[in-house]
């Protein structure tokens, strides 16, 4: 029933569509979600998760997961990030991949909704360390499409792999186009 409600709102009321699929057999991956120009991106992710039926996750500092919001954040796919013990973010998140049977991590490489001239590369190194594919996901407000791309397994050559990944986002328009990263 909830899935039908999501579909009605997303497809009929909002006029959006989902292009492509994520194979349900891919239980662990890093989803490179772009462009991230608006808070509206959050609910597009929620609708996409609800419609596809795939568990999708995000990480936040462990303090966010305390009472009273911890239950809700976990329900929404959140995973607390514990960086105690000297671990950096990449190692801490790679450890989550080792612990979880299913973990599809959504990451916005811009790291902010503001205009950036360079993408952060942590998502790439997380995927490399966790030995999981990167799936490009485009929120195209110009076409009203969520475009789910093909998995790319990081080779260790970030320049080469980023050339492949960036092709998925050429011509994609964020909610606030002037804030979008230019490829």
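Numbering (full-length UniProt numbering), first residue to last: 1 to 183.
In this text, a Cβ means the ideal position worked out from N, Cα and C, and glycines have one as well.
Just so it is clear, the structure is predicted and the values come from calculations on it, not from any experiment.
Close Cβ partners of residue i (< 6 Å) along its chain, the five nearest in sequence each way excluded
| i | result |
| --- | --- |
| residue 115 | 179 |
| residue 18 | 146 |
| residue 41 | 139 |
| residue 166 | 183 |
Coarse secondary structure for residue i, derived from DSSP in three states
| i | result |
| --- | --- |
| residue 144 | coil |
| residue 45 | helix |
| residue 79 | strand |
| residue 86 | helix |
| residue 104 | strand |
| residue 149 | coil |
| residue 58 | strand |
| residue 139 | strand |
| residue 17 | strand |
| residue 28 | strand |
| residue 34 | strand |
Cβ pair residue i, residue j closer than 8 Å
| i | j | result |
| --- | --- | --- |
| residue 174 | residue 48 | no |
| residue 106 | residue 33 | yes |
| residue 123 | residue 134 | yes |
| residue 2 | residue 53 | no |
| residue 125 | residue 90 | yes |
| residue 15 | residue 144 | yes |
| residue 97 | residue 152 | no |
| residue 117 | residue 158 | no |
Sequence-distant residues of its chain with Cβ nearer than 8 Å to residue i (five each side left out)
| i | result |
| --- | --- |
| residue 170 | 183 |
Cβ-based neighbour list, residue i, same chain, cut-off 7 Å, excluding 5 preceding and 5 following
| i | result |
| --- | --- |
| residue 119 | 109, 110, 181 |
| residue 101 | 27 |
| residue 141 | 173, 174, 175 |
| residue 11 | 17 |
| residue 239 | Since the displayed the chain opens at 1 and closes at 183, residue 239 lies outside it and no answer follows. |
| residue 20 | 147, 148, 149 |
Cβ-Cβ separation, residue j to residue i (assumed contact under 8 Å), whole Å
| i | j | result |
| --- | --- | --- |
| residue 83 | residue 29 | Their Cβ separation, rounded to whole angstroms, is 22 Å, which puts residue 83 and residue 29 out of contact at 8 Å. |
| residue 137 | residue 148 | 6 Å |
| residue 74 | residue 65 | 7 Å |
**Asked** Do the segment 49–60 and the segment 76–88 meet, that is, are 3 or more Cβ pairs less than 8 Å apart?
**Response** Put simply, the segment 49–60 touches the segment 76–88. At least three CB pairs are less than 8 Å apart.
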